[in-house]
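S.K.: Heads up, the sequence shown is in this note's numbering, so the first residue is 16 and it goes up one at a time.
From the three backbone atoms N, C-alpha and C, an ideal C-beta is built for every residue, glycine too.
Since the structure is predicted, the reported quantities are computational estimates derived from the model, not experimental observations.
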Amino acid sequence: NRNLLKNNIFINYPYLVTLYIISLFIQFFLILNPIISHQPERIINLNFILYAQIPIFALAIYVFFLRKSKSIYSISLVCFILVSIWTFSLFGCLDSPKVSRTNSALTYNEVEGMSWFYNLKNDSSIVSVPLSQINRFHDLFGEKYAKDSLRRFPDHFGYSNNSSNIKKVNLELDSHFYIVLLTIDELLYQEVPSYIKVGRYYKSDFTKLRNDTSVNKIYDSMNIEIFSSI
Numbered sequence: 016n017r018n019l020l021k022n023n024i025f026i027n028y029p030y031l032v033t034l035y036i037i038s039l040f041i042q043f044f045l046i047l048n049p050i051i052s053h054q055p056e057r058i059i060n061l062n063f064i065l066y067a068q069i070p071i072f073a074l075a076i077y078v079f080f081l082r083k084s085k086s087i088y089s090i091s092l093v094c095f096i097l098v099s100i101w102t103f104s105l106f107g108c109l110d111s112p113k114v115s116r117t118n119s120a121l122t123y124n125e126v127e128g129m130s131w132f133y134n135l136k137n138d139s140s141i142v143s144v145p146l147s148q149i150n151r152f153h154d155l156f157g158e159k160y161a162k163d164s165l166r167r168f169p170d171h172f173g174y175s176n177n178s179s180n181i182k183k184v185n186l187e188l189d190s191h192f193y194i195v196l197l198t199i200d201e202l203l204y205q206e207v208p209s210y211i212k213v214g215r216y217y218k219s220d221f222t223k224l225r226n227d228t229s230v231n232k233i234y235d236s237m238n239i240e241i242f243s244s245i
């Protein structure tokens, strides 16, 4: 085995060894460098490092499995190993909401706010949101079968030029309800061209909501605000 490594890899594949060593140095640099801070968890999800090592590994197993013969069995075995590794590596591409932690699609503030809110409200309480699918937070918290009693607002929260009371213009809401407003919902209709073109909400609509005397703001943090009807 030692002679095989010496003769077939270090001599016949010097660039393979060099490329692999360079990739290892890149990983250590990203972890230890004082300029760009990375947690180990983020390094694991650096997919360009992961995908760079897959073809390197492919060449490595080529040396071991195909050095003597290129039978159908050997080629099939190599292909199976490569396809399996590549398939499992795809799980690191996109985070799932069922990971019991925040991911790239959520902020810690949103998670903390929704956790606080779910501990406060009753299961039967009506919750209104402009856009976000807040039911997905239950998956994050491990509450697979929990659902919210959601009500969607009409355009502009139902406000008209002469009305500033969200409770009166949304008669389908019961005597008590909550409003969950994520910053992403507000910014989508102000900064994303396709959403601006639809025009469901304007900046003035969110200003009216915050000034509405029929609701109280009970939670305010970066990325999330929660209101309760009076």
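Assess, as a yes-or-no matter, whether the stretch 126 to 137 is touched by the stretch 146 to 155 under the definition of 3 or more beta carbon pairs within less than 8 Å.
M.R.: Yes, the stretch 146 to 155 touches the stretch 126 to 137.
S.K.: Could you have a look at Phe156 and say whether DSSP puts it in helix, strand or coil?
M.R.: Residue state, collapsed to three classes: coil.
S.K.: Can you tell me where the beta strand (DSSP E) holding Tyr234 begins and where it ends?
M.R.: 230 to 236 is the extent of the beta strand (DSSP E) around Tyr234.
S.K.: Going by beta-carbon coordinates alone, are Phe172 and Tyr210 separated by less than 9 Å?
M.R.: Not a contact, by the Cβ cut-off of 9 Å.
S.K.: Could you give the distance in angstroms between the alpha-carbon of Ile241 and the alpha-carbon of Ile41?
M.R.: Going by the C-alpha atoms only, they are around 43 Å apart.
S.K.: With DSSP as the reference, identify every bridge partner of Arg166, one or two as the case may be.
M.R.: DSSP lists Ser143 as partners of Arg166.
S.K.: So, helix, strand or coil for Phe98, using DSSP?
M.R.: One detail in the question is off: residue 98 reads as Val in this sequence, not Phe. The answer is helix: DSSP assigns Val98 an H, G or I state.
S.K.: According to DSSP, Phe197 sits in a beta bridge with which residue or residues?
M.R.: Reading off the sequence shown, one finds Leu at residue 197, where the question assumed Phe. Per DSSP, Ile239.
S.K.: Just tell me which of Lys182, Leu197, Ile199, Glu206 has its CA closest to the CA of Asn231.
M.R.: That would be Lys182, whose Cα lies nearest to the Cα of Asn231.
S.K.: For Tyr35 and Thr198, I'd like the C-alpha separation in whole angstroms.
M.R.: About 43 Å.
S.K.: Looking only at its own chain, which residues have a Cβ that is under 8 Å from the Cβ of Lys136, when we skip the five neighbours before and after it?
M.R.: Correct list, in chain order: Val142, Tyr193.
S.K.: State buried or exposed for Val144, treating a residue as buried only when at least 16 other CB atoms are found within 10 Å of its CB.
M.R.: By the neighbour-count rule (16 or more Cβ atoms within 10 Å), Val144 is buried.
S.K.: Can you list, in chain order, the residues of its chain with a C-beta nearer than 8 Å to that of Asn16? Leave out the 5 residues immediately preceding and following it.
M.R.: Caution is warranted here: a pLDDT of 47 is assigned to Asn16, below 50, making its placement in the model unreliable, and the coordinate value is therefore given only provisionally. Contacts found: none.
S.K.: Excluding the 5 residues preceding and the 5 following Met237 in the sequence, name in chain order all residues of the same chain whose CB lies nearer than 7 Å to its CB.
M.R.: Once the five neighbours on either side are set aside, the close Cβ partners of Met237 are Asn124.
S.K.: What residue range does the alpha helix (DSSP H) around Gly128 cover?
M.R.: 123 to 135 is the extent of the alpha helix (DSSP H) around Gly128.
S.K.: Using 8 Å for Cβ pairs, my map puts Val184 next to Ser190. What's the rounded Cβ distance?
M.R.: 15 Å between Cβ atoms; not a contact.
S.K.: Do the CB positions of Asn180 and Asp227 come within less than 9 Å of each other?
M.R.: In this structure, Asp227 lies closer than 9 Å to Asn180 by Cβ.
S.K.: Considering Phe210, what are the terminal residues of the alpha helix (DSSP H) in which it resides?
M.R.: Before going on, a small fix: residue 210 reads as Tyr here, not Phe. Note, Tyr210: alpha helix (DSSP H), 208 to 213.
S.K.: Tell me whether the beta-carbon of Ile239 lies closer than 9 Å to the beta-carbon of Leu202.
M.R.: Against a cut-off of 9 Å, the Cβ pair of Leu202 and Ile239 comes out as no contact.
S.K.: Give me the Cα-Cα distance between Pro29 and Ile37, rounded to the nearest whole angstrom.
M.R.: Each residue's Cα considered, the two are about 12 Å apart.
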